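Peer 1: Chains as they are written, first to last, in numbering that gives the first Met the number 0: chain A, 0 to 167; chain B, 0 to 330; chain C, 0 to 225. No residue lacks a Cβ here, since even glycine has one placed at the ideal position from N, Cα and C. Note that the structure is predicted; figures quoted are calculated from it, not measured. Questions regarding the structure given below will be posed in turn.
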Amino acid sequence: MSNRSRREFLRRLTAAAALAPILIADLQAAPERPVITKKDRCPVCGMFVYKYPKWVAEIVLADGSYYFYDGVKDMFKHYFDVPKFTRGKSADQIREIYVTDYYEVELIDARSAFYVIGSDVLGPMGHELLPFKDRESAQEFLQDHHGQTIVRFGEVTRKLVYSLDRRS
Amino acid sequence: MILHPTVIANLLASLTVSGMILYSAYYGLQIVRHWDLSSGSELQLTLERRTYLISTILSYVFGLELLSLFLYVFTADSLCPLFVGAMCAAGTLNVNGFGYPALLLKMFDFFLAGLWLILNHADNQAWDYPLIRKKYLLLVVIAPFIVGEMVLQCAYFLKMKANVITSCCGSLFSSERVEGLGSEIAALSPQTMLWMFYVSVAVTIVAGIHFYLRQRGGYLFSALAIITFFVSIVAIISVISLYIYELPTHHCPFCVLQKEYHYVGYLLYLALFGALVSGGGVSALIPFRTIESLRTVIPALVRKLALASVVLYSLFTATVTYRIAVSHLIM
Amino acid sequence: MIELVNVRKVFNAGRPAEFTALSGVNLSIESNKVTVLIGPSGSGKTTLLSIIGCMSRPTAGRVQLAGREITSLPERFLTDIRRKTFGFIFQQHNLIKGITALENVMLPAYPLGERHVPLKQRAMKLMEDLHLSDKAESKVEWLSGGEAQRVGIVRALINNPSTIIADEPTAHLDTQLSHRFLGIVKRFKEERKTVLITTHDPLVYDDPVIDRIIRLRDGRLEVERR
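Set out below in structure tokens:
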């Protein structure tokens, strides 16, 4: 290569290198959020989710399919029995789980959230697990609304979830 | 009690119907005891005038009774936002112990009301009131069921409390739960039920067309029409609902009445109940075809009833088939 | 044959204004004959006529028309018989104002669903028989008393009934027109129709066309003559 073309080439390489971080950052930005439409129904109970925007929970699978729920309880019901409510899918395909923080009313990661059970606040499906993004908010809520305990994602069991289906 | 317009409409309708039926049953009983067409006595002529009034009143009252079944379900559906855990009529009906019994009794009374209207219509076509005693005896038999229905409805609506958590239809009609008729029906195999439904309705339609053309096999057709009604209801819960909702576990028969499903439930149930009454009415009239004044009336009437039943079952089947065909459900 | 068995008619029964118009009338009216009912006002003539003509029902008793019992018939059958069997001629002609004479004549035939053209032809022919052709398209208000009465008669004939019922038909007619009316009655008799007339008018009940006179007083029959 001649001197002149080598300098040209280096200049272009530097320019590309300068742009690289921006491009990589772009790729790593959060993917498009699935939007709730009027036709979305909770696969566990069939309720139309758009009617209860403050209670929405969401599961996204590896193949890109996603499900909305009208409450954390129904999300867990699906989580513990994926093939029953959605044929051909299984729990190991789950990539992301989101729940709506009760105070902030925005989607937070379910696996790191704190859940209050036994409180006097009822969701669309009755007794619920109410999610919070940190322990302080969960504690404050527990005291204000006579909650019983705070549990983490890993501590939630099938039995616990179905016990919330009581009518009193 | 919840002062919702639909609740008030239901209670008013129920009280009106019961009141008018008790009034009519009282006079109907007089007619049953003293009717004598050949006598020219003042009592007889008074009874003749009276039956004209009473049968007119009852035509409207029983017509209202037919509509009130759908009004009741519509009310339960409208009230569901008031109750935590309810998302359709299923939840609302479960709010206290009277909701479902009232519904079942209303369905039975729908059938009785339809039968009475058919009998009354036939009687009015003849010049000598041939069915008058039977008609008013049937009225006296129906009366306690109507009053019972009114009592159950009043108990249901008046004892309705807003601060209860009721079962969601997902759990009432879930195939998981061990107890409850809803769950047992939901747990039946969907494919089997679908086949049973199509076979049942096809046989009924064929029997109906055969009766329409040949005037033979009326009782058989009636029996088939009634059986197909029950098979269809079970099919709705166990398999048809799954296709309409496109959810493999949602068996609720009441969610189809909602706006999001284009109120298709009303069409389905209207067709189904209409087919039941017209099909059953055939065997209510056939025994009387030998009466002189009904000799020309009854054959024409039962043919029309059979045709109505066939058409309604066809409409039901067509709607169901369409919904299954366009459904995205993967079974 | 029209038979009345023990016919009673009471108005306002059980109330202070209770009035018995007919008390136990037993009567047979022969077919193809002209019968006249006479009696003072309030004797129950018009009531009896309306019961015979299926326009009202008695309080007690039965009426038979050619062997068929009519008082117990449901309304729909009664209207059918009334329309086909009887032709009514009223005292006050009772034509409907605002429409023509021809339309008045055709009116009772409409419920029977006949096609318009043959009906109109029949009506015109009947009107010709009574010399009313040139008045056919006149509005009813423009007719004289006699013409209106004749239009009323034609209207009574449009459905070719077997029985003509006339309530005081000559009350508003002069002597000449009354005679003309009786001539029409004679024609009815020749056509083998049954005619029933109520009247005060001696011109009518002394006429030879009359076969039988029945007297009513206070809702009861009196002795007959002829």
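What separation, rounded to the nearest whole angstrom, lies between the Cα atoms of Thr227 of chain B and Thr316 of chain B?
Peer 2: If I take the Cα positions, the gap works out to 11 Å.
Peer 1: In whole angstroms, what separates the C-alpha of Asp25 of chain A from that of His327 of chain B?
Peer 2: With a pLDDT of only 45 at Asp25 of chain A, under 50, the local geometry of the prediction cannot be trusted, and the value read off the model is given with reservation. Each residue's alpha carbon lies about 36 Å from the other.
Peer 1: Taking Cβ-Cβ distances shorter than 7 Å, what residues in chain C pair up with Leu36 of chain B?
Peer 2: Simply Ser71.
Peer 1: Compare the Cα-Cα distances from Leu66 of chain B to each of B:Thr91, B:Phe110, B:Ser292, B:Leu36 and report the closest residue.
Peer 2: It is B:Phe110 whose Cα lies nearest to the Cα of Leu66 of chain B.
Peer 1: Can you give me, in chain order, the residues of the region 123-150 of chain A that have a beta carbon less than 8 Å from any beta carbon in chain B?
Peer 2: Against chain B - using a Cβ distance shorter than 8 Å - the residues of the region 123-150 of chain A are Pro123, Met124, Gly125, His126.
Peer 1: Below 8 Å between beta carbons: does that hold for Val301 of chain B and Gly216 of chain B?
Peer 2: No, they are not a contact pair.
Peer 1: Consider the Cβ of Ser4 of chain A: report whether some Cβ of chain B lies at a distance smaller than 8 Å.
Peer 2: By this cut-off, Ser4 of chain A is not an interface position.
Peer 1: Once DSSP output is grouped into helix, strand and coil, what is the label at Leu3 of chain C?
Peer 2: Strand at Leu3 of chain C.
Peer 1: Between which two residues does the alpha helix (DSSP H) harbouring Val198 of chain B extend?
Peer 2: 189-213 is the extent of the alpha helix (DSSP H) around Val198 of chain B.
Peer 1: Distance check for Val59 of chain A and Pro30 of chain A, CA to CA, integer angstroms please.
Peer 2: Only weak support exists for where Pro30 of chain A lies, its pLDDT of 45 falling under 50; the value from the coordinates is given anyway. Looking at the two C-alpha atoms, the distance is approximately 12 Å.
Peer 1: Relative to the alpha-carbon of Phe61 of chain B, which residue among B:Ile235, B:Gly84, B:Trp115 has its alpha-carbon at the smallest distance?
Peer 2: Ranking the options by Cα distance to Phe61 of chain B, first place goes to B:Trp115.
Peer 1: Would you list the one or two residues that DSSP bridges to Pro130 of chain A?
Peer 2: A:Tyr114, per the DSSP bridge assignment.
Peer 1: Around the C-beta of Arg94 of chain A, are 16 or more other C-beta atoms found within 10 angstroms, so that it is buried, or is it exposed?
Peer 2: It counts as exposed.
Peer 1: Let me check understanding here. Comparing Cα to Cα, which of A:Asp164, A:Arg5, A:Gly117 lies closest to Asp169 of chain A?
Peer 2: For residue 169 of chain A there is no data in the structure shown, the boundaries of chain A being 0 and 167.
Peer 1: Check each candidate in C:Asn93, C:Leu118, C:Met54 and name the one with the smallest Cα separation from Asp79 of chain C.
Peer 2: When each option's Cα is compared against that of Asp79 of chain C, the closest is C:Met54.
Peer 1: So Val43 of chain A contacts chain B; which residues on that side make the cut at Cβ distance below 7 Å?
Peer 2: The answer, in chain order, is Gly169.
Peer 1: Here's the rule I'm using: 16 or more other beta-carbon atoms within 10 Å means buried, otherwise exposed. How should Met0 of chain C be labelled?
Peer 2: So Met0 of chain C ends up on the exposed side.
Peer 1: Does DSSP put Gly122 of chain A in a helix, in a strand, or in coil?
Peer 2: In the structure shown, Gly122 of chain A sits in a strand (DSSP, three-state: E or B).
Peer 1: Along the chain, which unbroken stretches of the beta strand (DSSP E) at least 3 residues long are found entirely within the region 68-99 of chain A?
Peer 2: As far as the region 68-99 of chain A is concerned, its whole beta strand (DSSP E) runs of at least 3 residues are 93-99.
Peer 1: Report buried or exposed for Thr193 of chain C, applying the criterion of at least 16 other Cβ atoms within 10 angstroms of its Cβ.
Peer 2: Buried, by the Cβ-count rule.
Peer 1: Any C-beta of chain B sitting closer than 8 Å to the C-beta of Glu17 of chain C?
Peer 2: No, because no Cβ of chain B sits closer than 8 Å to the Cβ of Glu17 of chain C.
Peer 1: Using a Cβ cut-off of 9 Å, which residues of the region 153-166 of chain A contact any Cβ in chain B, in chain order?
Peer 2: Answer in chain order: Asp164, Arg165, Arg166.
Peer 1: Can you tell me the Cβ-Cβ gap for Ser13 of chain B and Met149 of chain B, rounded? I've got them flagged as a contact below 8 Å.
Peer 2: Confirmed, Cβ separation roughly 5 Å.
Peer 1: Give the DSSP bridge partners of Glu68 of chain C, in chain order.
Peer 2: Note: Glu68 of chain C sits in a beta bridge opposite C:Gln63.
Peer 1: Flag this pair as yes or no: are the beta carbons of Leu171 of chain B and Pro100 of chain B separated by less than 8 Å?
Peer 2: Contact: no.
Peer 1: Can the beta-carbon of Ile297 of chain B be found closer than 8 Å to that of Val233 of chain B?
Peer 2: No; because the gap between Cβ atoms is not below 8 Å, this pair is not in contact.
Peer 1: Please confirm if Cys251 of chain B has its CB atom under 8 Å from at least one CB of chain E.
Peer 2: As a matter of chain content, chain E is missing from the structure shown, whose protein chains are A, B and C.
Peer 1: If you check the beta carbons only, do Gly70 of chain A and Glu127 of chain A fall under 8 Å apart?
Peer 2: Yes, they are a contact pair.
Peer 1: Check distances from the C-beta atoms of the region 78-104 of chain B to those of chain A and list, in chain order, the residues that come in under 7 Å.
Peer 2: Of all residues in the region 78-104 of chain B, Val83, Gly84, Met86 have a Cβ within less than 7 Å of some Cβ in chain A.
Peer 1: Would you mind giving the Cβ-Cβ distance between Phe253 of chain B and Asp76 of chain B, rounded to the nearest angstrom? I have them listed as a contact below 8 Å.
Peer 2: About 7 Å separates the two Cβ atoms, so the contact holds.
Peer 1: Considering only DSSP beta bridges, list what Ser47 of chain A is partnered with.
Peer 2: First, the amino acid is wrong: residue 47 of chain A is Phe here, not Ser. Phe47 of chain A pairs with A:Arg40.
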